[in-house]
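Numbering (the numbering used here), first residue to last: 555 to 661.
Just so it is clear, CB atoms sit at the ideal spot from N, CA and C, and this is done for glycine as well.
The structure under discussion appears below in the form of structure tokens.
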């Protein structure tokens, strides 16, 4: 069986993700500095505080992107499994209710 995490351990993909999340990290640091300056010079406090919170969240995800990618892939796998099971049950229920119309559909 193919390991679903094999792209994360491929050196080329890992380097590419490191570069992408490194650029996001630098952008997050720039936005953090901008919001700190806006907090210091502005009378409105809510906007810069929200920007600081979001930029700290972006910085945290960018620093630990390998954990974040694994968590997101686990969530996506669970969602796909749940949706697949739900569709299976829908088809099963439809077949249980419409067994006489199935030969007519196939013919």
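- Under the three-pair Cβ rule at 8 Å, the segment 593-601 does not count as touching the segment 612-624.
- Residue 589 carries a helical assignment under DSSP once its states are collapsed to helix, strand and coil.
- Under the DSSP assignment, residue 620 falls in the alpha helix (DSSP H) whose first and last residues are 619-651.
- Here residue 563 is exposed. Its C-beta has fewer than 16 other C-beta atoms within 10 Å.
- Assignment of residue 596 by DSSP, reduced to helix, strand and coil, places it in the coil class.
- Counting C-beta atoms within 10 angstroms of its own C-beta, residue 652 has fewer than 16 neighbours from the protein chains shown and is therefore classed as exposed.
- Look at the beta carbons and you see the segment 562-577 touching the segment 618-631: at least three pairs across the two are nearer than 8 Å.
- Pairing residue 646 with residue 628, the inter-Cα distance amounts to about 27 Å.
- Note that the C-beta distance between residue 609 and residue 586 is below 7 Å.
- Taking C-beta atoms under 8 Å as the contact rule, residue 648 and residue 571 fail to qualify, at a distance of about 42 Å.
- A residue is called buried once 16 or more other Cβ atoms fall within 10 Å of its Cβ, and residue 582 is buried on that count.
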